[in-house]
Structure formats: structure tokens, C-alpha cells
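Below: the structure, in C-alpha cells.
Residue numbers (the working numbering): 78 to 543.
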């Protein structure tokens, strides 16, 4: 039996999941899970990327112990964070942790001074997010000007892990787009932007599409895990993998990956970098195989996790949902696009304060706060869909919700009522499945993406809300 090993690294945990085909269905089995939290050094957060690699190797050893040897392995991660290698190929500095993203707000203003945002958006199609690599590099250049001069290459987090496993550097397209330095038309590094920002051009390596084989395991890794396999590029940005697993092929539907971030949008064959898309705050990120994902990012379930933390951290998520369902009726909504919620240490107080400042009814109980959160998320989806309809000049007929948030029936019903169209919820493990689907296409289990989507839909039934 051919096994495929998907490695999904998120902001709080990493997972290694084996997949295989059985009776034309995709079967999955979690092998290993570990904590991925970065470490604080002084007043800065950073990922210890060698620890991430070590945990992946431990998971591969577990595959050997269970005699389930993968034919391929693919790694997906969050976007934007990067590693610098020196000119000898050794680690120069660990990746910044995007929890430091508020330190990059000033860099966005500085970037506008160097390249007016309208010109930048026309070139890249990328919306403003302080976590994007372009602003991280500007901050590094400002605070530690000598570091970039020592750099030999810049690798996104997933690329660095592949490099440690194989000794080969192959940068993947969908995760490279999160740098904010890719030209929307050519789908390659935008050298004019790179040069105007003063970044050394030679640190940016050649880009490859998802499905490309990086190489076989290097000797040291092969000896340790006890087997050899191909390392393949999935859609390495976790959101690109999640959108790949949307089972619907309906061109008139919108999709949302509902996890730590809530990311809503559509797949397009062409970049949509029009003035109306820019004004509405949409970004053109990478999609499988080398398409575009016109989407919006909001903080999403991060806020729910913070509410849970503020309430002691011991309440189950289904109990939080029940608290919202049982709360008294309240119509207040907050602006879910406000990135200042990422800074809030007391999310309950932040939501109440937002309602007060906007002249709305202020929630009094924890259940009312939760109800405001859920209906605000639904309202934001509705607004984003209306904006997409205006940008694209068409009507959409359904919303696909994938990711962990797709399990929330209360939210799914609320969204369906708010947007006045059907909601198709699932699969919940979309990122892992998108990673596996890309590998399985490369491994010739499926002839194309449509066949992979069909198998995914058959393997993981969705729920309908209308």
C-alpha cells in the first residue's frame, strides 16, 4: 500500500497524518502531534525552526515503527514567516513569529512612502497585512542592517524544512506569494519592488508550482528514520491547501477556510488587482497549481480562543457555542476586520468596548459576548460576498466552509440565514486533505484535481444548511 505523509504546521500545533487510498476513498491516520509555539527572546518572538524539523523527524520515525513507510512527504505551514541562510547554507537567523506583527505596522506606512500603495497593488495584487514578509524584512533592515548583507538565501518556513530533509532548495509558489513580493502577472519575484525596497535580489530563489518533487531524503535523515522517500511540494501555504480540499467545483460558489484566521474568497485563473478589489481590501494570494485566490483575511476563531482563555481556558468549545445559543437576543455586531483585536489581551472587554463606542447595545453576559462574536463573523461573510459580487459582476449561489470551524452547526445555520444562501460545511481537516490530494496527484493516484476533489467529497461527506 502506498502511504503519503502530510505535515501541517499551525500557529499552536503541528500534525503528521498518513493518507492512503482504499476502495477509492482517502483514508487518514494521525501519527504524531506536537506543540509549535515560538519562543520569546527578550521582547521578540521567534520560531525555533530546527525544533520543528526535529519533531517532524520524530514523526517519521513513528511511521517506521508502525511499518507504514510513506512514498512521499509534503509540508505545509502558515505564510509570511521566513528563515535566512548565510552564504554557506547555514542558518543565519530563525523565523520571526507573526505574533510580533504589530511591530510591522510602521513598516506599512514606510512602504507606502517608497512605493505608493496603488502602484504596489497593481504590481502584486497583495492587500495590506502587517505580517507579510515585505514588512518583516523592512523591520529587519531597519533594526539590524548588517544581517541581510550576510544572507545567501531567503527560505519560507516550509522550504527551510524541506532543505533540512533533502539538502535541496526549491521555493514553492503559494507560500512565496505571502511575502508580498511576487508579481501578479508573471508569478515570479517582482524585482522592481525588491530593488526599490533595498533588499538584496540574489537571496530570492527560483519558484516552483505545487506537485514538484524536491528530492529524496539526505543521508543523515535517511539513516535516522530508517527509510527513504520523495519530498514533494504540496500547496505549501496552509490556506492554499485548505482551499484545494473544497469539494465543490461550482464556479458560482464562495469558499471560506474557518480556522484561527477566517479567510473568505474565490479561485480565479487571473489576478483581480482592480481599483475596486483594492478598495474593498481583497488580496490575490496563491492557489493550486498556479492560480489566484482572491480573498480577505480576518482574525476569526483566534478571537474565540482568546475568549475561552479569558474565561479560564477550561470550557469546551461546544459549551461556548451553547452559551451563545442560550443568550438573550442582542443585535450588536463588531468590525471583524479590525486587526487591533490581535492585540487584545481581554477579548471580552474589547468586544464590549467596541459595541459601546459604536453606539450599539453592550453585551452584559459572557453568552451575549459570544453571540455578538458569532453573528459578527456571519455578518462579515455576508459583506465580503456582496463585495465579491460587485467586483466580479456576478451573483454567487452558495458558501463552502472548510476547516475546524465547519463543525460549528450553530454558526453554519447563522451564516446561512445571514447570507440568504446555502452553506456547505466540511471537510474539517481541509488543510491536511489538500496536502494529501496534491501529493496523490503527484503520485498518480489521481489523474487531476477534479478526480481528487471527487474522491475527497466521497470520503468526507459534507453537511448542508439552508
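We put the CB at the ideal spot given by N, CA and C, even for glycine.
Remember, predicted model here, so these are calculated numbers, not experimental data.
Expressed to the nearest angstrom, what Euclidean distance is found between the alpha-carbon atoms of residue i and residue j?
| i | j | result |
| --- | --- | --- |
| residue 325 | residue 478 | 11 Å |
| residue 534 | residue 89 | 28 Å |
| residue 397 | residue 430 | 20 Å |
| residue 483 | residue 271 | 39 Å |
| residue 409 | residue 446 | 9 Å |
| residue 241 | residue 316 | 23 Å |
| residue 332 | residue 342 | 6 Å |
| residue 239 | residue 371 | 28 Å |
| residue 295 | residue 442 | 56 Å |
| residue 183 | residue 218 | 13 Å |
| residue 151 | residue 166 | 22 Å |
| residue 105 | residue 495 | 34 Å |
| residue 361 | residue 368 | 9 Å |
| residue 263 | residue 387 | 46 Å |
| residue 402 | residue 322 | 30 Å |
| residue 101 | residue 503 | 19 Å |
| residue 349 | residue 285 | 22 Å |
| residue 417 | residue 301 | 45 Å |
| residue 212 | residue 168 | 21 Å |
| residue 309 | residue 518 | 11 Å |
| residue 395 | residue 377 | 17 Å |
| residue 111 | residue 391 | 20 Å |
| residue 457 | residue 404 | 21 Å |
| residue 384 | residue 424 | 6 Å |
| residue 228 | residue 273 | 18 Å |
| residue 154 | residue 314 | 6 Å |
| residue 172 | residue 523 | 35 Å |
| residue 245 | residue 283 | 12 Å |
| residue 135 | residue 251 | 27 Å |
Could you tell me whether the Cβ of residue i comes closer than 7 Å to any Cβ of chain C?
| i | result |
| --- | --- |
| residue 481 | No chain C appears in this structure, which consists of one protein chain only. |
DSSP on residue i, reduced to helix/strand/coil?
| i | result |
| --- | --- |
| residue 455 | helix |
| residue 428 | helix |
| residue 78 | coil |
| residue 151 | strand |
| residue 159 | strand |
| residue 502 | strand |
| residue 365 | coil |
| residue 357 | coil |
| residue 310 | coil |
| residue 447 | helix |
| residue 86 | strand |
| residue 293 | strand |
| residue 485 | coil |
| residue 123 | strand |
| residue 520 | coil |
| residue 375 | strand |
| residue 509 | helix |
| residue 398 | helix |
| residue 111 | strand |
For residue i, which residues does DSSP report across the bridge?
| i | result |
| --- | --- |
| residue 248 | 284 |
| residue 106 | 95 |
| residue 170 | 161 |
| residue 333 | 341, 478 |
| residue 215 | In DSSP, residue 215 forms no bridge with anything. |
| residue 542 | 500 |
| residue 231 | 161 |
| residue 130 | DSSP, once it has assigned bridges, lists no residue as partnering residue 130. |
Assuming residue i contacts residue j (C-beta within less than 8 Å), just tell me the rounded distance between them.
| i | j | result |
| --- | --- | --- |
| residue 78 | residue 108 | Not really, about 15 Å apart at Cβ, beyond 8 Å. |
| residue 159 | residue 232 | 7 Å |
| residue 542 | residue 490 | 5 Å |
| residue 305 | residue 290 | Not really, about 13 Å apart at Cβ, beyond 8 Å. |
| residue 500 | residue 476 | 5 Å |
| residue 450 | residue 468 | Rounded, the Cβ-Cβ distance is 27 Å, inconsistent with contact. |
| residue 259 | residue 351 | With a Cβ gap of about 18 Å, residue 259 and residue 351 do not count as contacting. |
| residue 480 | residue 505 | 7 Å |
| residue 96 | residue 81 | 5 Å |
| residue 454 | residue 413 | 6 Å |
| residue 366 | residue 288 | 6 Å |
| residue 137 | residue 516 | Going by Cβ atoms, the distance from residue 137 to residue 516 rounds to 15 Å, so no, they are not a contact pair. |
Nearest to residue i by alpha carbon, out of the options?
| i | options | result |
| --- | --- | --- |
| residue 237 | 446, 133, 301, 360 | 133 |
| residue 141 | 298, 440, 420, 508 | 298 |
| residue 129 | 415, 145, 93 | 93 |
| residue 508 | 405, 311, 104, 265 | 311 |
| residue 303 | 143, 528, 474, 267 | 143 |
| residue 406 | 147, 439, 251, 225 | 439 |
| residue 338 | 224, 369, 349, 373 | 373 |
| residue 571 | 424, 276, 328 | The requested residue 571 is not part of the displayed model; the chain covers only 78 to 543. |
| residue 389 | 253, 148, 422 | 422 |
| residue 536 | 513, 521, 520 | 513 |
| residue 257 | 230, 280, 208, 292 | 208 |
| residue 354 | 149, 420, 204, 334 | 204 |
Would the C-beta of residue i count as close to the ligand MG, meaning under 6 Å from any of its heavy atoms?
| i | result |
| --- | --- |
| residue 104 | As for the ligand MG, it is missing from this structure, which has no ligand bound. |
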